[in-house]
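Its first residue numbered 0, the sequence shown is counted upward by one per residue in numbering that gives the first Met the number 0.
Cβ coordinates follow ideal geometry from the N, Cα and C atoms, glycine included.
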Amino acid sequence: MTVTFKSVDVVNKSVECQNADWKKHKVRCKHNRGIEDRLKEEELDGSVSLQQWNGVLRRWNQMFKPILNLVFLNALTLQSNPTKCETHYLTIVLEPRSLTKAANTDDEIRRSFTLSDVFVSSFEEALRQVASSENNLEIMIKSTLAESAKIRARGGLGCGVVMVRVNKVGLDIFTPLGFVENMDDVRVDKDWEGTLKMCIDRGITV
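Following this line, the structure appears as structure tokens:
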């Protein structure tokens with residue numbers, strides 16, 4: 000079975016762009032970088048370190064970015080509710096296929112996980128679940144909304160946020176998505192959850 004996706008134009012920040020816009024970039028990265036100290040110290044049962052799992056998850060996230068873009072669009076029904084990306088985000092929960100063997104090749108990384116759960120949550124709900132002193136999420140949300148307004152002013156759809164989580168290894172990655180063109184012609188996939196599961200299970204990334 001072959002799955003073909005229409006290309007979606009998204010914002011990809013270069014190193015130069017990140018350096019020039021460091022204040023915004025570091026807010027978005029702060030959550031992802033906050034785990035680095037414990038990654039160096041902790042190991043999971045089976046001798047695969049958290050640092051290794053972090054590398055696998057980040058690479059997996061890069062590979063599946065086209066899938067995440069389209070699943071996000073359909074999960075939040077942005078074709079008919081374009082402003083929903085300003086109030087909600089998507090969480091994808093993954094299950095490792097093995098806790099004792101770290102993936103090394105791209106083919107192994109594509110098939111490192113199965114889909115455990117996927118759901119849409121509101122930013123308001125997420126903020127209620129974190130301590131008031133832990134405002135990194137709130138800062139990231141405000142930064143994303145500000146960037147979204149700029150993209151909409153240029154005729155695009157705006158920005159969204161996907162969180163990819165692996166509960167068994169205690170890792171998650173926040174991924175801002177910037178849609179710089181109108182999505183009216185992107186097909187609606189009512190079975191987006193089934194499509195996501197099939198792509199993850201089979202390692203389909205394009």
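How big is the Cα-Cα spacing for residue i and residue j?
| i | j | result |
| --- | --- | --- |
| V117 | T76 | 15 Å |
| Q51 | M197 | 25 Å |
| M62 | T90 | 17 Å |
| L67 | R58 | 14 Å |
| V163 | N60 | 8 Å |
| A145 | L170 | 27 Å |
| Y88 | E107 | 28 Å |
| S48 | A102 | 12 Å |
| V92 | L136 | 18 Å |
| G193 | K141 | 31 Å |
| T157 | I138 | Per the sequence shown, the amino acid found at residue 157 is Gly instead of Thr. Roughly 17 Å between the two C-alpha positions. |
| E85 | F71 | 13 Å |
What does the Cβ neighbour count give for residue i, buried or exposed, with the cut at 16 atoms within 10 Å?
| i | result |
| --- | --- |
| T204 | buried |
| K39 | Low local confidence applies: a pLDDT of 47 at K39 is under 50, so the model's placement there is unreliable, and no value is given. |
| V187 | exposed |
| S97 | exposed |
| G154 | exposed |
| N80 | exposed |
| S111 | buried |
Does DSSP put residue i in a helix, a strand or coil?
| i | result |
| --- | --- |
| T86 | coil |
| F173 | strand |
| R186 | coil |
| V205 | coil |
| S115 | strand |
| R58 | helix |
| L75 | coil |
| R153 | coil |
| V2 | Confidence at V2 is low in this model, with a pLDDT of 41, below 50, so the placement of that residue should be treated as unreliable; the coordinate-derived value is given next. Of the three classes helix, strand and coil, the one that applies to V2 here is coil, per DSSP. |
| L229 | Outside the displayed range of the chain (0 to 205) lies residue 229, so it cannot be described from this structure. |
| L195 | helix |
| L98 | coil |
What are the partner residues of residue i, as DSSP defines its beta bridges?
| i | result |
| --- | --- |
| G159 | L176 |
| R110 | DSSP lists no partner for R110. |
| S121 | H87 |
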